[in-house]
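Going line by line, the protein sequences match chains W and V.
Following the numbering used here, the numbering of the first sequence begins with 1 at its first residue and continues without gaps.
Following the numbering used here, the numbering of the second sequence begins with 1 at its first residue and continues without gaps.
Reading through the structure tokens given below for one structure.
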Amino acid sequence: MRCILLKTVVLLAVAIGAGFAHSKLTKHPPDLHFVPQNPAAAPTGAAPATGTTTATGVTQGPKPEVDDGVHISVARAKEFYDLPPSNPKKPIFIDARNHDDYKDGHVPGSMWIDKKYFDGAAPKKVTDYLPGMSVVIYCHGADCSDSEAVAKRLQSLNRGIGPMYIIKDGFPGWVKAGYPVDKGEEVGF
Amino acid sequence: MRDAVPAPGSSRAARVAASVALLMLRLALAGVFLFAAYTKLLTPMGPLNFSEAVQSFKFFGEHDDGLVMLTTYAVPWAELIAGVCLVLGFWTRAAALLLGLLLTLFIALVASAIFRDMHIHCGCFGNFNWPCPETVSWCKIGANSALLLAAMVLHSYGGGAIALDGCGTRTKPE
């Protein structure tokens, strides 16, 4: 038994050594954090920040501040959502969850993007609709990292997509605030 | 049965059957982990996808980038090395023990994510999701438990006679 344990330790040590060497020698190490290249811009033409009334009749407080230029509150996301279509700063909402979750409920007009579709060429709808557009990305909430994963991949395309925002509380926060929700397949992309 | 060497009285057919069964089990388990290593190391987005999976479990702190990066590469290398050992039947018990330890860790992490209601991807096989959906679920725990059982069998019985471990020995392959 001691011999087997020793051999196991040897195999583990070789694996750790090989992994360490690979991580140092690789030419393209993975980006562990999303660092936006384009600074966040405030939406123009937004309604005065005196408070808004949600579908449930609750009046929201003053406009919340953007935390770090990327992660925004659902109230801030709603301000973006409320921008008129003619406003050039109106962002496209992107749902980074899986397709079943998207069909069960999503922000109206949002584009569904799964990060796995970036394994080959960028999805056509990304290259057709997103260059030059700002985007608001959401997934399951604070514990979900798919929004950042999609943001990283969009940025790596170097297609001028941005500024990029991520809804901190994700779709659950949007629903909890009583904001509009659509169901079914993607429309418009 | 500990050394996968049937008792002196058993037939040659039984010995051959036992060795073939162990070989099939080794190849099956090795196939799973070699494929897992391939998706993590050799596909274009493999390291990025797996590093994001490692981060999403929140096992390390937010600023432990070095540990995340090491895990991103060390885990698939462990899968690769153990898989090759199983194919060759070399240090079979040790390789099975290593995989068993990895699987135990995976099961614990997935269970933890389920109890914390986290919608995250395990990153086990890149974008290939069979037989379980991509997000962590009890299905993943079941699948990993089946693999763990296979690893335990190999750790207990060894690689059999059709293995490098068995070359040059008659009674104790490893």
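Think of the CB as a built atom: it goes at the ideal place given N, C-alpha and C, for glycine as much as any other residue.
Query raised in the report: DSSP on A47(W), reduced to helix/strand/coil?
Result: Low confidence applies to A47(W): its pLDDT is 42, below 50, so where it sits in the model is not reliable, and the reading given next is rough at best. The answer is coil: DSSP assigns A47(W) none of H, G, I, E or B.
Query raised in the report: Of all the residues that make up the region 142-167 of chain W, which are near chain V by a beta-carbon distance shorter than 7 Å?
Result: D143, C144, S145, A149
Requested in this report: Just tell me which of I81(V), A17(V), L23(V) has its CA closest to the CA of A36(V).
Outcome: I81(V)
Query raised in the report: When you compare each of I92(W), H22(W), Y129(W) to Y166(W) by their alpha carbons, which one comes out closest?
Result: Note that residue 166(W) is Ile in the sequence shown, not Tyr. Nearest of I92(W), H22(W), Y129(W) to I166(W), Cα basis: I92(W).
Query raised in the report: Considering only residues of the same chain and omitting the five flanking positions on each side of P76(V), which have a CB-CB separation below 6 Å?
Result: A37, K40, L41
Requested in this report: Confirm, please, whether the CB-CB distance from D128(W) to R97(W) is below 8 Å.
Outcome: no
Query raised in the report: Alpha carbon to alpha carbon, what distance is there between P36(W) and M111(W)?
Result: 20 Å
Requested in this report: Apply the 10 Å Cβ neighbour rule to V54(V) and answer buried if 16 or more other Cβ atoms are within range, or exposed otherwise.
Outcome: buried
Query - Burial state of W138(V) (16 or more Cβ within 10 Å) - result: exposed
**Report entry** Residue interval of the beta strand (DSSP E) (run including Y179(W))
**Finding:** First-last for Y179(W): undefined, no H or E at that position.
Query - Span of the alpha helix (DSSP H) around V10(W) - result: 2-25
Query - Nearest to M164(W) (by Cα), restricted to the options C144(W), A77(W), H22(W) - result: A77(W)
Query raised in the report: Shortest alpha-carbon distance to C124(V) belongs to which of E79(V), T92(V), G89(V), K58(V)?
Result: E79(V)
Query raised in the report: With distances taken between CB atoms, is the gap from K125(W) to F189(W) smaller than 8 Å?
Result: yes
Requested in this report: State the Cα-Cα distance for the pair T43(V) and G120(W), rounded to the nearest angstrom.
Outcome: 10 Å
**Report entry** Cross-chain neighbours of G19(W) in chain V, by beta carbon under 7 Å
**Finding:** L70, Y73, A74, W77
Query raised in the report: When DSSP builds the beta bridges, which residues end up paired with V136(V)?
Result: Per DSSP, none; premise fails for V136(V).
**Report entry** 7 Å Cβ shell around G160(W) - same chain, five flanking residues per side excluded
**Finding:** P131, G132
Query raised in the report: What are the residues that DSSP puts in a beta bridge with W91(V)?
Result: DSSP output for W91(V) lists no bridge partner at all.
Query - Members of the region 47-69 of chain V that neighbour chain W once the beta carbon cut-off is set at 7 Å - result: P47, L48, S51, E52, Q55, S56, D65, V68, M69
Query raised in the report: So who's on the other strand from I137(W), going by DSSP bridges?
Result: I94(W), I166(W)
Requested in this report: Determine, using beta carbons only, whether H71(W) comes closer than 8 Å to chain V.
Outcome: no
Query raised in the report: Measuring CB to CB, does V181(W) end up less than 8 Å from H99(W)?
Result: no
Query raised in the report: Is the beta carbon of S86(W) sitting closer than 8 Å to the one on K168(W)?
Result: no
Query - Three-pair Cβ contact test at 8 Å for the region 150-159 of chain V versus the region 9-27 of chain V - result: yes
Query raised in the report: Where do the N-terminal and C-terminal ends of the alpha helix (DSSP H) with H99(W) fall, by residue?
Result: 99-104
Query raised in the report: Taking the alpha carbon of P47(V) as the point to measure from, which residue in A74(V), G166(V), G61(V) has its own alpha carbon closest?
Result: A74(V)
Query raised in the report: Residues of chain W with CB under 7 Å from P44(V), in chain order?
Result: D119
Query raised in the report: Near T205(V), which residues of its chain fall below 7 Å by C-beta distance, leaving aside the five closest residues on each side in sequence?
Result: In the structure as shown, chain V begins at 1 and stops at 174. Residue 205(V) is therefore absent and cannot be evaluated.
Requested in this report: Count the other C-beta atoms from every protein chain shown that fall within 10 angstroms of the C-beta of H63(V), then say buried if there are 16 or more, exposed otherwise.
Outcome: exposed
Report task. Count the other CB atoms, across all protein chains shown, that sit within 10 Å of the CB of E65(W); report buried if there are 16 or more and exposed otherwise. Result -> Residue placement at E65(W) is poorly supported in this model, since its pLDDT is 45, which falls under 50; the coordinates still yield a value, given next. Exposed: under 16 other Cβ atoms inside 10 Å.
Query raised in the report: Are the C-beta of T8(W) and some C-beta of chain V separated by less than 8 Å?
Result: yes
Query raised in the report: Which residues mark the beginning and the end of the alpha helix (DSSP H) in which L32(W) is found?
Result: Neither: L32(W) is in no alpha helix (DSSP H) and is coded neither H nor E.
Query raised in the report: By how many angstroms is the C-alpha of G83(V) removed from the C-alpha of L98(V)?
Result: 10 Å
**Report entry** Integer Cβ distance of M69(V) from P84(W), believed to fall under 8 Å
**Finding:** Incorrect: roughly 45 Å between the Cβ atoms, too far for contact.
Query raised in the report: How should N144(V) be labelled, buried or exposed, when 16 other C-beta atoms within 10 angstroms of its C-beta is the threshold for buried?
Result: buried
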